[in-house]
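Undergrad:
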Amino acid sequence: MWNWLTGSKDAPRGDADEEDFDFGNTIHIASHDFIGLRARSPNGRFTLAWADGGPDQSRFGRYLLLDGKRVIVEGRMPRPNDGVVTDAGVFILNDWGGLETLSGTFHAFGADGNTLVSRHFMANLFNNGISADGRFAACQTANAPGTDGNRLTVFDLEAGREIGGFQPESGWAKDYAFFPETRRIRLLYHDGGAFDYDFEGAFVDRTKWLAFGLTQGNIFVIETLIAEMDGKPSPELASQVLPAIDIALGKLRVDDNRTRARLLRSRGTCLEALADLREALACYDEALSLDPKVGVKRRADALRKVV
Numbered sequence: 015m016w017n018w019l020t021g022s023k024d025a026p027r028g029d030a031d032e033e034d035f036d037f038g039n040t041i042h043i044a045s046h047d048f049i050g051l052r053a054r055s056p057n058g059r060f061t062l063a064w065a066d067g068g069p070d071q072s073r074f075g076r077y078l079l080l081d082g083k084r085v086i087v088e089g090r091m092p093r094p095n096d097g098v099v100t101d102a103g104v105f106i107l108n109d110w111g112g113l114e115t116l117s118g119t120f121h122a123f124g125a126d127g128n129t130l131v132s133r134h135f136m137a138n139l140f141n142n143g144i145s146a147d148g149r150f151a152a153c154q155t156a157n158a159p160g161t162d163g164n165r166l167t168v169f170d171l172e173a174g175r176e177i178g179g180f181q182p183e184s185g186w187a188k189d190y191a192f193f194p195e196t197r198r199i200r201l202l203y204h205d206g207g208a209f210d211y212d213f214e215g216a217f218v219d220r221t222k223w224l225a226f227g228l229t230q231g232n233i234f235v236i237e238t239l240i241a242e243m244d245g246k247p248s249p250e251l252a253s254q255v256l257p258a259i260d261i262a263l264g265k266l267r268v269d270d271n272r273t274r275a276r277l278l279r280s281r282g283t284c285l286e287a288l289a290d291l292r293e294a295l296a297c298y299d300e301a302l303s304l305d306p307k308v309g310v311k312r313r314a315d316a317l318r319k320v321v
């Protein structure tokens, strides 16, 4: 009993019974007085269940691993969340930490409950993922000061160590796929985008990401392409970017004046590159009317002298 109370791997075991329920992503295991969230392994054999202890950390959270209906691992953790379990029973959890500091801890365990990796971050944890074979895993942090903010960290669970950490240029993904043979991790996005990095952080699919971003009217991609030409895009690039700006403007909320001003600034820059100075000035003036600090006043004043 003492081992269980202190959170060690030697936990009580028992079978689920007729009082249990399991629906949606919620599970009740009456024999362990447990109600929480759950995730299943792809083959349906293992179930990982967890209950967050709460942001004030007045009580400890719990987690259980079931093989079929048999509880084989039970442990304690302040704020377990984002559980994932593989077909072999290897599982991961994000401990969300307390309210008073930006912090979180990523944990990976074997099917026997032994810790494979534990890594603390001075940033909140956003999400995580694990390879189908349980060999590799990753976690993403949210924005925070210092080196831990917006960091995707890749782990080799078999070796028990971190093997890469970087800030993905393509932003936070919703899920991850792993390709051990090429040592790549694929970031999957809600808009259908999927882009590969190597485990050390090199952006393998950067060209693909930029092209896809233009088709989606991604403002970050638009501004990145213009910035990479020192704010003076070539006519060829300007012709490619203008349709993306129109897509982005069409998606924008009516009341999002700051983003509209940024897009109009980019539109004016592209029109200047195409020598359409009158329309460029009109874009700059509209941008300034929405956000006087958008950064094109000098450019607009210069154009006013020649059109």
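Going letter by letter, the sequence shown gives residues 15 to 321 in the numbering used here. Quick reminder that beta carbons are idealized off the backbone N, C-alpha and C, glycines included.
Do you know offhand how far SER117's Cα is from ASP70's?
TA: So the alpha carbons of these two residues sit roughly 13 Å apart.
Undergrad: Does DSSP classify GLU250 as helix, strand or coil?
TA: In the structure shown, GLU250 sits in a helix (DSSP, three-state: H, G or I).
Undergrad: Should GLU242 be labelled buried (16 or more other beta-carbon atoms within 10 Å of its own) or exposed?
TA: Classification for GLU242: exposed.
Undergrad: How many whole angstroms separate the CB atoms of ALA53 and THR100, which I take to be in contact at a CB cut-off of 8 Å?
TA: That pair is no contact at about 10 Å.
Undergrad: So what's TYR211 in DSSP terms, helix, strand or just coil?
TA: It is a strand residue.
Undergrad: Just to confirm my understanding: we take MET136, look at its own chain, exclude 5 residues before and 5 after, and list those with CB closer than 7 Å. What are they?
TA: Only LEU116, SER117, ALA158, GLY160 and ASP162 meet the Cβ criterion.
Undergrad: For VAL310, which residues in the same chain have their Cβ closer than 7 Å to its Cβ, ignoring the five residues on either side in sequence?
TA: Once the five neighbours on either side are set aside, the close Cβ partners of VAL310 are ARG279, GLY282, TYR298, ALA301 and LEU302.
Undergrad: Using only alpha-carbon positions, find the residue among LYS188, GLU172, THR155 and ASP189 that is nearest to GLY179.
TA: Checked all of LYS188, GLU172, THR155 and ASP189; the closest Cα to GLY179 is THR155.
Undergrad: Rounded to a whole number of angstroms, what is the C-alpha to C-alpha distance between LEU79 and ASP205?
TA: Roughly 33 Å between the two C-alpha positions.
Undergrad: Applying the 10 Å Cβ sphere with the 16-neighbour rule, what's the burial state of GLY322?
TA: Examination of residue 322 is not possible in this model, given that the chain is present from 15 through 321 alone.
Undergrad: Taking the alpha carbon of LEU139 as the reference point, which residue from ARG84, ARG149, ILE106 and LEU171 has its own alpha carbon closest?
TA: Comparing Cα-Cα distances from LEU139 to each of ARG84, ARG149, ILE106 and LEU171, the minimum goes to ILE106.
Undergrad: Look up CYS153 in the DSSP assignment and give the residues it is bridged to.
TA: DSSP lists ASN142 and THR167 as partners of CYS153.
Undergrad: May I have the straight-line CA-CA distance separating ALA294 from LEU228, to the nearest angstrom?
TA: Between ALA294 and LEU228, the C-alpha separation is close to 20 Å.
Undergrad: On the DSSP bridge list, what partners appear for PHE217?
TA: Its beta-bridge partners are TYR211.
Undergrad: Candidates GLY82, VAL218, LEU256 and ARG175: which alpha carbon is nearest LEU196's?
TA: It should be noted that the sequence gives Thr, not Leu, for residue 196. The candidate whose alpha carbon is nearest that of THR196 is VAL218.
Undergrad: If the criterion is Cβ atoms closer than 8 Å, does the pair TYR203 and LYS188 meet it?
TA: Contact: yes.
Undergrad: Determine the contact status of PHE192 and CYS153, defining contact as a CB-CB distance below 8 Å.
TA: Against a cut-off of 8 Å, the Cβ pair of CYS153 and PHE192 comes out as no contact.
Undergrad: Where PRO194 and ASP212 are concerned, what is the direct C-alpha to C-alpha distance, given to the nearest angstrom?
TA: Approximately 10 Å between the Cα atoms of the pair.
Undergrad: Mapping the DSSP letters down to three states, classify THR20 as helix, strand or coil.
TA: Bear in mind that the predicted position of THR20 carries a pLDDT of just 32, short of 50, making it too unreliable to give a figure here.
Undergrad: With burial defined as no fewer than 16 other Cβ atoms inside 10 Å of the residue's Cβ, what is the status of ARG318: buried or exposed?
TA: Exposed, by the Cβ-count rule.
Undergrad: Under DSSP, the beta strand (DSSP E) around VAL87 begins and ends at which residues?
TA: Taken as a continuous stretch (DSSP letters only), the beta strand (DSSP E) holding VAL87 covers 84 to 91.
Undergrad: Do ARG364 and GLU172 have their C-beta atoms closer together than 8 Å?
TA: Outside the shown range of the chain (15 to 321) lies residue 364, about which nothing can therefore be said.
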